[in-house]
Amino acid sequence: MAWTNEDVAGQFAEIATLLKLSGADAFRVRAYERSAGAIGAAPVDLATLSTEEMAQLKGVGASTASKVAEYLTSGRIAMLEDLRAKVPAGLVELTRIPGLGPKTAVMLHGELGVDSVEALRTALDAGALRGLKGLGAKTETNLRASLERLGAKDTGRVPAADAIAIAEELCARLAVLPGVTAVAYAGSLRRMRETIGDVDLLAASRDPAPVMASLRESDLVERVLAAGEKKTSVVLRRGIQADLRVVDPDSWGAALVYFTGSKAHNIRIRERAVRRGLLLNEYGLLRRADDQAEAQGADRDAAGETEDDPVAGRTEAEVYAALGMAFVPPPLREDTGEVEAAAEGRLPRVVTLADIRGDLHAHSDWSGDGKTSLAELVAAAAARGHRYLAVTDHAEDLTMNGIDREGMRARRRAIAELADGAGIRILDGAELNIGIDGSVDYDLDFLLEFDFCVASVHTLFGRPEPEQTARILTAMRHPAVNVIGHPTGRKIGQRPGYEIDLDQLIEGAVATGTALEVNASPRRLDLSGDAVRRAVDGGALLTISCDAHSVGDLASMRYGVGTAQRGWATAAHVLNCRDLDGLLDAVNAKRGPGMRRVRA
DNA sequence: GCCGTTTTCGGCCCGACTGTTTTCAGTCG
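Here it is, written out as structure tokens:
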């Protein structure tokens, strides 16, 4: 059995959870959490490393490395087995109830024998919690409410695509309030994670109360969870939780860093602050008053009440600079090496929306499922500032939506008619279907008449990994196939994607000069950020394209760029960051001698 | 358990809010 890094990381995350429930030292728990994170983010397959090499990873020591080795050879970790035997299984489940943490779970188990969500429900109904120390009437009510929410569906993470519209709406409403100088959504949404647990909103104002009140009273809010002076938490109508922090404009940058996270990134940069004799919190980067007093040799009592001295805080850039680091774009803030890289000046300049020169995957209504005319699509792409657009309608093997040869020739004439006034190069393209044997639609000569082709898997998702991988590798070798569309086939929150060997795909892409798509549709984001990072490390070329089926879909480019950023991709890794000549050079390079050239 | 511009031991990020508390523990992010 070939264990993936994710499998291994999962073992250590479980150890951390179970240790917490065993009342272990909190720092030891954190060490396991950190090692799980380090393993999950490791750039190489752990199975290829020696125990000594594993212990070189930051956050992984000799103890963890030997447990990894144990797992890789035997498929088990004795310590984890012991913990599983020792900690009642239901306790982990109990801590998933909002407001109920490990301490309370252990206490409920010890006092009442509660070992599952169901048992807690029964205990509540029997009034068994009354009289337990630290648990009053209010806690009982809150637990009931939490259980009810747990009973309702979908309390977990939701696709970011489902939250971004409501986040932007809330921001827009807060931004127009008097005294509010800035508003942003932060958290995992700003980091462009593909799913989010809640919406984090940040506002700058010297008078927080009316801003808080405005959210609490919003018609988008279903329930208020917490309402303090500096922080408000609510449940929105669609079951999504939102947290609002309001800070002084002088603290905006520090608060944005704090609220954007990730938690692991924040911990790392706060440690860095501590090592420099500073304190980093959501209000600023500060030199402590007592430290100053000591530095000046003054007596602390004589110094009296002095304020902490702000070093930075108005902007994020200021905070990072004061920590001796390059600015870290939000999607990179996951503690996967970006802190060290930013400190050592080797953080790559990741691709941005401004680097994108065109879109290489779009459908017009020539495709059965396209909703926009060719002219509208081209005009919209031009309006977005694109220099070129590959219209890649479905090819004929996709029986429902595909276009046959005559249809493609007719579409080619339609493209030619539009070409002059378009103000943008329209690439005559197609989205080909990868057959079970790796073949694609039409024939070689017909395919070489296109300017640009995407090839994608649309059928037979259930094939075993070797077969699935082989069919894509075969398609890559075709001289007219320029990019593999949505390479893993996953749909966020819907289906996991087919079984493929990504490393082989990356090697094949490099060897054949075929790009791998970062499909920017927020339902797909395929490749994922993690997969992009592996592709970048492997030297593969990417495209970032919207797979638009309507004009509005062209706006999804930012999600694709965010995903590419999460994978540390630079403009140099992305084919559609090249100008038209650069793009066509790549297309022509893939074609053999004597084959038709595509001209600008 | 991990780690080092306080380096092989003694620390380990920081603050808001709630509830049950007379000064704080638990939870969350």
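Our numbering puts the first sequence at residues 6 to 605.
Backbone N, C-alpha and C fix where the C-beta goes; we use that ideal spot for every residue, glycine too.
Linking Ser210 to Asp535 through their CA atoms gives a straight-line distance of about 37 Å. Distance from the CA of Lys143 to the CA of His114, rounded to the nearest whole angstrom, comes to 20 Å. Around the beta carbon of Gly318, a 10 Å sphere encloses 16 or more other beta carbons of the protein chains shown; the residue is thus reported as buried. Note on geometry: alpha-carbon atoms of Arg596 and Met481 lie some 12 Å from one another.
With a beta-carbon spacing of about 23 Å, Lys236 and Pro107 fall beyond the 8 Å limit used to define contacts. The beta-carbon separation of His391 and Asp364, rounded to 6 Å, stays under the 8 Å limit for a contact.
By the Cβ criterion, the region 251-264 is in contact with the region 273-289, since at least three pairs of Cβ atoms, one from each stretch, lie closer than 8 Å. For Lys25, there is no enclosing beta strand (DSSP E); the residue is found in the alpha helix (DSSP H) stretching over 10-26. Phe466 counts as exposed, since fewer than 16 other beta carbons sit within 10 angstroms of its beta carbon. Counting along the chain, the unbroken alpha helix (DSSP H) around Cys176 starts and ends at 165-180. As for any beta strand (DSSP E) of minimum length 3 sitting wholly inside the region 354-427, the runs are 363-367, 393-399, ordered along the chain. For Asn593, the uninterrupted alpha helix (DSSP H) segment begins and ends at 585-595.
Contact between Gly42 and Gly64 holds, since their C-beta atoms are separated by about 7 Å, short of 8 Å. Within the DSSP secondary-structure output, Pro598 pairs in no beta bridge. Contact holds between the region 321-332 and the region 346-354, because three or more Cβ pairs, one in each stretch, are under 8 Å apart. With 16 or more other CB atoms across the displayed protein chains lying within 10 angstroms of its CB, Arg198 is buried. Rounded to the nearest whole angstrom, the C-alpha separation of Ala7 and Asp248 is 41 Å. When the alpha-carbon of Ala232 is set against those of Asp224, Met217, Arg242, the nearest one is in Met217. Closest in alpha carbon position to Ala435, among Arg414, Asp425, Gly428, is Arg414.
DSSP, read as helix, strand or coil, puts Cys582 in helix. Rounded to the nearest angstrom, the Cβ distance from Tyr325 to Val333 is 6 Å, consistent with a contact under 8 Å. Linking Val603 to Ser550 through their CA atoms gives a straight-line distance of about 20 Å. Thr519 has its alpha-carbon roughly 17 Å from the corresponding atom of Leu432. DSSP places Lys143 within a helical segment (H, G or I) once states are collapsed to three. In the structure shown, the three-state DSSP call for Thr517 is helix. No Cβ-Cβ contact shorter than 7 Å links Phe457 with Ala540.
In the three-state scheme derived from DSSP, where H, G and I count as helix and E and B as strand, Thr575 is classed as strand. Of all alpha-carbon atoms in Gly557, Ala189, Gly572, Pro484, the one lying nearest the alpha-carbon of Glu522 is that of Gly572. Residue nearest to Arg416 within the set Ser369, Ala388, Ala427 is Ser369 (criterion: CA-CA distance). With 16 or more other CB atoms across the displayed protein chains lying within 10 angstroms of its CB, Val92 is buried. Shown here, Thr53 sits in a helix according to DSSP, grouped into three states.
Distance between Ala21 and His366, taken at the CA atoms: about 43 Å. If the five residues before and after Ala576 are omitted, its C-beta is found closer than 7 Å to the C-beta atoms of Val356, Asp360, Cys582, all from its own chain and listed in chain order. Pro492 carries a coil assignment under DSSP once its states are collapsed to helix, strand and coil.
Secondary structure at Asn487: coil, using DSSP grouped into helix, strand and coil. Under the DSSP definition of a beta bridge, Cys458 partners with Ala435.
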